[in-house]
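See below for the structure under consideration.
There are 2 protein chains.
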Amino acid sequence: MTTEADEKALRYRRAQSVTAAEEITEKENKVRRSQADKPCHKPRDSLFSWSSEFANFTGLVNWGFLMLSIGGVRLCLENFLNSAFVATLVLPMSIGDGNRFPSIGPSAFSVVPAVLSLLIERGIAVHIIPEKIGITLQISNILFVVILPVVVLNMRGEDFSFVGITTVCMIYLILFLKLWSYCQTNHWCRTTLKGKCVKNKLRRQSLSAPNWNDLVNAEHEQTYEEDKNGKAAAAGLVKYPDNLQLKDLFYFLLAPTLCYELNFPRTARIRKRFVVKRLLEVIFGVNLVLALFQQWMIPSVTNSVETFTTMDPVRITERLLKLAIPNHLLWLCFFYLSFHSFLNLMGELLQFADRNFYNDWWNANNISVFWSTWNMPVHRWAVRHVYIPITEMGYSKFVASIVVFFISAFFHEYLVSVPLQMFRIWAFLGMMAQPPLSVISRVAEVKLGPRWGNMIVWSSLILGQPLAIMMYYHDYALLHFKPQQ
Amino acid sequence: MTTEADEKALRYRRAQSVTAAEEITEKENKVRRSQADKPCHKPRDSLFSWSSEFANFTGLVNWGFLMLSIGGVRLCLENFLNSAFVATLVLPMSIGDGNRFPSIGPSAFSVVPAVLSLLIERGIAVHIIPEKIGITLQISNILFVVILPVVVLNMRGEDFSFVGITTVCMIYLILFLKLWSYCQTNHWCRTTLKGKCVKNKLRRQSLSAPNWNDLVNAEHEQTYEEDKNGKAAAAGLVKYPDNLQLKDLFYFLLAPTLCYELNFPRTARIRKRFVVKRLLEVIFGVNLVLALFQQWMIPSVTNSVETFTTMDPVRITERLLKLAIPNHLLWLCFFYLSFHSFLNLMGELLQFADRNFYNDWWNANNISVFWSTWNMPVHRWAVRHVYIPITEMGYSKFVASIVVFFISAFFHEYLVSVPLQMFRIWAFLGMMAQPPLSVISRVAEVKLGPRWGNMIVWSSLILGQPLAIMMYYHDYALLHFKPQQ
């Protein structure tokens, strides 16, 4: 469908633009070239012109990487010159509140619900806990995980720094998604196992009253099942309920994925150079992002609060655009660090072979494509554990999309509102603006060409985020600071 | 040669990195996929990992364009809010010195040597001026063009702003290259015409003492020549000396090329939307670049002078890196504005069809490739008017390269030293550093892979320029300002 739209758009663009190369006929050119003045020009377009169809910009990735490195090195040097060893302390200082680290407690506590989930699964597997009660317990446990940070924050919120509490919320949100996947996958395995038992029973019944057709089928099935089990065992695959081990659970909790499965694809060895590179990226990058945030973003945001109170549209636009560029660059750094450096580091250390943490969202020609390519762990989780189960329950694809969408919007809001201790709905509204934007970008892609669709995706990223940030900061400042005039 | 090196590097890289996808055998994977836990992972690399071989980053060009637009719009808004109409005055204020515009006089005077060159050419064509004297006159005229700015600046240098005198130098340098091309191309045409006359004479001689072989050859040649002339006339091509017209000369002087030819390829019509887009880019872009230069570069450079005097290597590195990022971004903006927006605008207005003003230097895997792709007008000029003539004179390719290189280095120095009125050799040395750097990048490309070559090209761009700028500014500040401590 996308390629069809692409082609259509391409045809449209070709019809619109008169490519320079088409202007002069081949024959005329040949005569011209034979003249005595040694002609060296021929009709052609510049590479940046849309009509040139040129598309190789690989070098720009190296450029981005170099710019990031240079920025990081410079910042470290500056910190080293101004006050030794400050740079290495940026991260712990942001998470901890001075010398105490109150967010370590709640983070470490996340092990408890995880182990609890394993115990319940084991209980169900060995028939100590009946299936239905087990499922109820699991759901309560998972809900407890997502509510805990809210409760902790309400009780001793003043102890935490902003970065600290955001980290805690993120850990618990990831735990929520992982445990959901863990329980559901184990449930699938159980259902399949039960199905086999039922089949075996049926087979035994059919044996007592022999019917040749049934017998042959049953035997065939048995051989098939045994064959499959034999193959699985030969390949060294773990089978339910042998997977219900602490080691297996912790591997899943640390692995860079949100989707549980019994046998993750593994790599043969840990590439040491790869680990060192990713580790350096994480260390330098996180310091760079935090320092830029403190030195560039916070002043911009602070200066803008007053402007937002005046409601002057020209001034607000100017402030918004001023904020947009640093915010967007920070987001890009954050994306690279989290989705490439950090997740690849974890993957390499755990010998986890599936490194598809992001697709090429930078080429996304409409907003739906962007949402399904930029964050692959969450996208894959949503498809496997929400979208497909809902469609399998008989609901339409549309209903399934809406449910996925609302869950996503809720958690975006959760990640902003809980750390700020301020329940607004700007993030939720931002997510709600995505479907109409998606329609607009789709129309632009088809009518004006894929480049315009891509432009709309980038614009919504560059301009949408600072808008939401300003809304929150405006409300936050009104709540916490008194005007100084 | 490049592709061979590419392949070699690829093989090396493949041998080095153990691609995750190769870790698990196909069969094993198939068995795993048939399990009840609905596995969704498979071994694969992240797109940014070098082993993934992914190369589609077209979206990043749209991103760059959007970031530039947003920056430009914001700056205009800020200027509009702070003091109305300042933004539109940035350019003339920088060129002029307050209300007077002393650089307009010398710029307008550039018409004189151009017309003089045409008159000399005409004189030679109609045999008023003997060929040898004509060539001497042309060479004197061309040398006069390149010396004039130096003389003017020494006489009334204090009248000019820095941007103003740089513009004047640029205009005269371009005029120098264009007139060189104009004279040399006309000389080629003349030589060919003379060759024909000699042939005709020979033919006539051979007719008086008939030799059938000669006769047939001569007739064949004549038909060929006549056929060629007929074809050229049919295609509406101008022939020497009909091209020696004021209109033709001025078209060449305004056209976005440095290589003269009698019949430039032309487009059929002017695309209005294209002109408007490029015009907007030039207007917004130039203001953006100048404002960024004043607000971002000048403070950085000014702050750094003292550090350079201390000769502390750590501090100098820190300053250099701080300067590197804004300088590099400005250079990128400058590149896009000059080589894409401005030259395409001129090309469209003049219906000039050859828009190959730059090749994909961002993918250059070694420094030689960069130098032969980033500035195509100069590169094409150097190949057509220096490199090929020298090799045709019997010298080796190496000698020809060295000559091209020295001319390039001289004019880099010219463009910096003359406006600064300070004859240092930093720009010349910077150019001289290119051949060794080229060897290093070539070695890196072959031994470590093309990406490393590309990284070295980018690094030399990002770090080399600010180094040269600091050297000049340091010397300039020492000359013109007294230390304030």
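Read top to bottom, the protein sequences are chains U and F. According to the numbering used here, the first sequence is numbered sequentially starting from 3. According to the numbering used here, the second sequence is numbered sequentially starting from 3. For glycine and all other residues, C-beta sits at the position ideal for the given N, C-alpha and C.
Minimum Cα-Cα distance from Arg46 of chain U among the listed residues F:Gly125, F:Ser440, F:Asn358, F:Pro438 corresponds to F:Asn358. As DSSP reads the structure, Asp39 of chain F sits in no beta bridge.
Judged by DSSP secondary structure, Tyr416 of chain U falls within the alpha helix (DSSP H) whose first and last residues are 399-422. For Leu260 of chain U, there is no enclosing alpha helix (DSSP H), since its DSSP letter is neither H nor E. Put simply, the CB of Met457 of chain U is near chain F, with a gap under 8 angstroms to one of its CB atoms. Between Ser109 of chain F and Ser51 of chain F, the alpha-carbon positions lie close to 52 angstroms from each other. The C-beta distance from Glu263 of chain U to Pro41 of chain F rounds to 4 angstroms, short enough to meet the 8 angstroms contact threshold.
For Trp52 of chain U, no alpha helix (DSSP H) segment is defined, and its DSSP state is neither H nor E. The criterion of a C-beta distance shorter than 8 angstroms is not satisfied by Leu177 of chain F and Asn143 of chain F.
Between Arg317 of chain F and Thr309 of chain F a beta carbon distance of about 5 angstroms is seen, short of the 8 angstroms cut, so the two are scored as contacting. Between Leu463 of chain U and His330 of chain U, the C-beta gap is smaller than 8 angstroms, which places the two residues in contact. Within chain F, the residues whose beta carbon sits less than 8 angstroms from that of Met69 of chain U are Ile327, His330, Ile464, listed in sequence order. Taking 8 angstroms as the upper bound for CB-CB distance, Gly287 of chain F and Leu347 of chain F are not in contact here, some 11 angstroms apart. At a beta-carbon threshold of 7 angstroms, the residues of chain F lying near Asn365 of chain U are Asn58, Thr60, Gly61, ordered along the chain.
For Phe111 of chain U, the secondary structure class from DSSP, reduced to helix, strand or coil, is helix. A direct Cα-Cα distance of roughly 8 angstroms separates Ala127 of chain U from Arg192 of chain U. Boundaries of the alpha helix (DSSP H) harbouring Lys324 of chain U: 315-337, taken from the DSSP string.
For Thr259 of chain U, the residues of chain F that pass the 7 angstroms Cβ criterion are His43, in the order they occur in the chain. Taking each of F:Val441, F:Arg453, F:Gly466 in turn and checking the Cα distance to Ser53 of chain F, the smallest one comes out for F:Arg453. If the five residues before and after Cys185 of chain F are omitted, its C-beta is found closer than 6 angstroms to the C-beta atoms of Gln140, all from its own chain and listed in chain order. For Cys191 of chain U, the C-beta contacts it makes with chain F under 7 angstroms involve Ala38, Asp39, in order along the chain. Contacts with chain F at 8 angstroms (Cβ-Cβ) include Asp362 of chain U. Closest in C-alpha terms to Val148 of chain F, from the list F:Met172, F:Glu133, F:Phe164, comes F:Met172.
What Lys196 of chain F touches in chain U, judged by beta-carbon distance under 9 angstroms, is nothing: the nearest beta carbon there is about 11 angstroms away. For Leu351 of chain U, the closest alpha carbon among the candidates U:Met395, U:Arg268, U:Leu322 is that of U:Arg268.
Taking 8 angstroms as the threshold, the shortest C-beta distance from His342 of chain U to chain F falls below it. Arg382 of chain F has its alpha-carbon roughly 34 angstroms from the corresponding atom of Asn202 of chain F. Considering only beta carbons, the part of the region 258-277 of chain F lying closer than 9 angstroms to chain U consists of Thr259, Cys261, Tyr262, Glu263, Leu264, Asn265, Phe266, Pro267, Arg268, Thr269, Ala270, Arg271, Arg273, Arg275, Phe276, in chain order. Contact between the region 392-411 of chain U and the region 158-165 of chain U is absent: fewer than 3 CB-CB pairs across the two stretches fall below 8 angstroms. In the DSSP annotation of this structure, Glu160 of chain F is not part of any alpha helix (DSSP H), being labelled neither H nor E. Residue-level contact by beta carbon holds for Val33 of chain F and chain U, with a gap shorter than 8 angstroms. Here Asp356 of chain F carries a strand assignment [DSSP, helix/strand/coil]. Linking Phe354 of chain U to Pro258 of chain U through their CA atoms gives a straight-line distance of about 8 angstroms. In the DSSP assignment, Tyr478 of chain U falls within the alpha helix (DSSP H) that extends over 452-482.
A direct Cα-to-Cα measurement between Lys196 of chain U and Thr138 of chain U gives close to 20 angstroms. Distance between Leu120 of chain F and Ile106 of chain F, taken at the CA atoms: about 23 angstroms.
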